[in-house]
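Since the structure comes first, as structure tokens, the remarks are kept for the end.
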Amino acid sequence: MSASEYNHRFVVKTPKSVYPPREDTLFLASCIPKPPDGLKKALEIGSGSGFLSMTLAAKGWEVTSIDVNPLAVAATKFNTQQNGYLDIHCIEGSFDEIECLQEGEFDLIVWNLPYLTIPTSGPHLEPIEEASMLDLGTNGWSSELRSYLESHQNMLSGTGCVLLLYRTYPDSPSKPEDWLKSGWASRKMSDKTMGDEMLCVYSHWRPWGGLEPIQVDTIKSTMDYDFMAKEGVQRVIANTQIKGRGRSGKDWISDPDGLAATWCITGQKDINFGMFQIVLGAMISSSLGFELKWPNDIIDADLKKCGGIMFSMDGEKTLKIGVGINKTPQPVHGIQTTGWEVVNGGMEKWYVFKMVDACVATLFELHPSLDSICIEDYLQFAWCSLSKVLSRGISLNYEGDLATVSGLTSQGEITVVQRGLVTEVCDLDEIEWEIH
């Protein structure tokens, strides 16, 4: 049932200081999933009129709702009672001050994030309105919630997810990519233009249900690790990788302090190798503060390599993803490389692993509350990432002659223009990059 159908069903009354159901409310409501088997408890933060709480209940969730505005709590209680949703439990307060929420083990947390900016002049909001409508806190309310969930692990169940509505244009303090950088899988569910604003709904969850990776001390290559034959995902991270595997059978000289890890994921038949590899590379590069050189090199603005990504199939349905990233700059075969400490000096290996793990889970984890990802939806994101490198005066030679990159295909190939001819290139060995 769509959000518009719910809109016809619900009779909602709201006081003046309570945010009424609007287009953004309907947009978020349309992204709320039905509870999958075994999951049932939902929390709405900032219930306002109670519209989203009733949407959750109508879809089969057991709902607790909270709001810092006592008039919103009164409105939620009144509207839920009037519409026959007698089991919705509404509490006054913030998520970080209601103790009973700490052990709630909610399977779904929903929040239409406040995204108004603080007014610099003219009429100001009352304190209670400001708390519920403005995006405050350190790096926005989104990061406040994430930090609280990280320090109160039992508030969200092991397979639970957080569903948030962001304003992504113009910029808001709350940013979905901050969850990815902190080790949470983050998948865009939908986006919508409203006037001169862009709204996006994102889901965030702990990768792989909190499954711990396999840790080994020394290994020739993590890509050669003998994973047990079992369904799902397995990951291995090495303290020392002696002889990493690079592209086209070449060696990857590993930084002893860097990251060397491999993900083994089953059920990946007919995968769009080219696009998945580019999107994953773009996500990792952006999270680290670096850039992506097509198709799988993590680089800095001077084309110095920091790391790389490798995809390979083990049988017909098992995908292996190898990731190697340097921590410190070093020469390799006479070529100077860079490392993540140049941009993120205090970042340790385990933190980088969690970040990369979140990127992999975002693209490949089959979360019970979410649909599988449509990689074609990330085509624009991948092209924007590659364009950053091209905009710095990077050109390429194709078959010995100067060429211009004009686009990216849905299969992850780059299109190059040369003497009026357009060619789709899928082999990295056919081109040479140059910086001016």
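Mapping to the numbering used here: the sequence shown position 261 is 245, numbers consecutive. Quick reminder that beta carbons are idealized off the backbone N, C-alpha and C, glycines included. Keep in mind it's a predicted model, so treat the numbers as computed, not measured.
What does DSSP give as the partner residue(s) for residue i in the beta ladder?
i: PRO315; result: GLN320
i: ARG219; result: TRP247
i: LEU148; result: TRP95, TYR186
i: ILE305; result: TRP247, PHE295
i: LYS159; result: Answer is none; LYS159 lacks a bridge partner.
i: GLU418; result: SER379
i: ALA387; result: LEU380
i: LYS176; result: LEU183
i: HIS351; result: Beta-bridge pairing links HIS351 to no other residue.
i: ILE262; result: Its beta-bridge partners do not exist; DSSP assigns none.
i: ILE282; result: LEU276, GLY291
i: GLN225; result: ILE203
i: GLU392; result: With the sequence shown as reference, residue 392 is identified as Leu, and Glu is not the correct amino acid for it. ILE398, per the DSSP bridge assignment.
i: GLU46; result: LYS25
i: TYR153; result: MET182
I need the boundaries of the alpha helix (DSSP H) containing residue i, first residue and last residue.
i: THR9; result: 7 to 14
i: GLY124; result: 124 to 135
i: VAL344; result: 333 to 348
i: TRP367; result: 363 to 374
i: GLN421; result: Only positions -15 to 420 of the chain appear in this structure, which leaves residue 421 out of reach.
i: SER33; result: Counting along the chain, SER33 falls outside any alpha helix (DSSP H), and DSSP gives it neither H nor E.
Around the C-beta of residue i, are 16 or more other C-beta atoms found within 10 angstroms, so that it is buried, or is it exposed?
i: SER135; result: exposed
i: HIS317; result: exposed
i: SER296; result: exposed
i: TRP189; result: buried
i: MET339; result: buried
i: VAL406; result: exposed
i: GLY125; result: It should be pointed out that residue 125 corresponds to Trp in this sequence rather than to Gly. Classification for TRP125: buried.
i: LEU23; result: buried
i: CYS358; result: exposed
i: CYS410; result: exposed
i: GLU7; result: exposed
i: GLU356; result: Note that residue 356 is Ser in the sequence shown, not Glu. Exposed, by the Cβ-count rule.
i: PRO98; result: buried
i: ARG219; result: buried
i: ASP425; result: Residue 425 cannot be examined here, being either before or after the span of the chain that is shown, -15 to 420.
i: GLU(-11); result: Because the pLDDT of GLU(-11) is 46, which lies under 50, any placement of that residue in the model is unreliable, and the question is left without a value.
Under the three-state reduction of DSSP, which class applies to residue i: helix, strand or coil?
i: LEU164; result: helix
i: LYS61; result: helix
i: GLN86; result: coil
i: CYS358; result: coil
i: LEU140; result: strand
i: LEU287; result: coil
i: LEU405; result: strand
i: ALA26; result: strand
i: GLU(-11); result: In this prediction, GLU(-11) scores a pLDDT of 46, lower than 50, which makes its location untrustworthy; the coordinate-derived value is nonetheless stated afterwards. Three-state DSSP puts GLU(-11) in a helix.
i: SER269; result: helix
i: ASP51; result: strand
i: ALA169; result: strand
i: ASP413; result: helix
i: SER238; result: coil
i: LEU40; result: helix
i: PRO107; result: With a pLDDT of 47 at PRO107, under the threshold of 50, the modelled position of that residue is not reliable, and the figure given next carries that caveat. DSSP places PRO107 in coil when its eight states are reduced to three.
i: PRO19; result: coil
Please check the pair residue i and residue j, which I expect to be a contact at CB under 8 Å, by giving their CB distance rounded to whole angstroms.
i: GLY251; j: GLY193; result: Their Cβ separation, rounded to whole angstroms, is 16 Å, which puts GLY251 and GLY193 out of contact at 8 Å.
i: GLU391; j: TRP367; result: Note that residue 391 corresponds to Gly in the displayed sequence, not to Glu. With 8 Å as the limit, GLY391 and TRP367 qualify as a contact, their Cβ atoms being about 7 Å apart.
i: PRO191; j: GLU89; result: Rounded, the Cβ-Cβ distance is 18 Å, inconsistent with contact.
i: ALA59; j: GLY77; result: About 16 Å separates the two Cβ atoms, so there is no contact after all.
i: ILE309; j: VAL336; result: 6 Å
i: TYR382; j: GLU414; result: 6 Å
i: TYR354; j: PRO17; result: Note that residue 354 is Leu in the sequence shown here, rather than Tyr. Yes, they are in contact, since the Cβ atoms of LEU354 and PRO17 sit about 7 Å apart, within 8 Å.
i: CYS145; j: ILE268; result: The Cβ separation is near 22 Å, so there is no contact.
i: PRO40; j: VAL94; result: This sequence places Leu at residue 40; Pro is not what is there. LEU40 to VAL94, Cβ: 7 Å. Contact.
i: VAL373; j: LEU380; result: So it is not a contact: roughly 11 Å between Cβ atoms.
i: PRO5; j: TRP45; result: Contact flag wrong, Cβ pair sits at about 18 Å.
i: TYR186; j: PRO157; result: Not confirmed; about 15 Å, so no contact.
i: LYS277; j: LEU287; result: 7 Å
i: ASN63; j: SER1; result: Actually they do not touch by this definition, with Cβ atoms about 15 Å apart.
i: GLY167; j: ASP341; result: 7 Å
i: THR346; j: ARG171; result: 5 Å
Specify, as a first and last residue, the run of the beta strand (DSSP E) that residue i falls within.
i: LYS277; result: 275 to 277
i: THR(-2); result: Segment: none, THR(-2) is in no beta strand (DSSP E) and carries neither H nor E.
i: GLN199; result: 198 to 203
i: ILE75; result: 73 to 76
Cβ of residue i within 7 Å of any heavy atom in the ligand NAP?
i: VAL263; result: The ligand NAP is not part of this structure, which contains no ligands at all.
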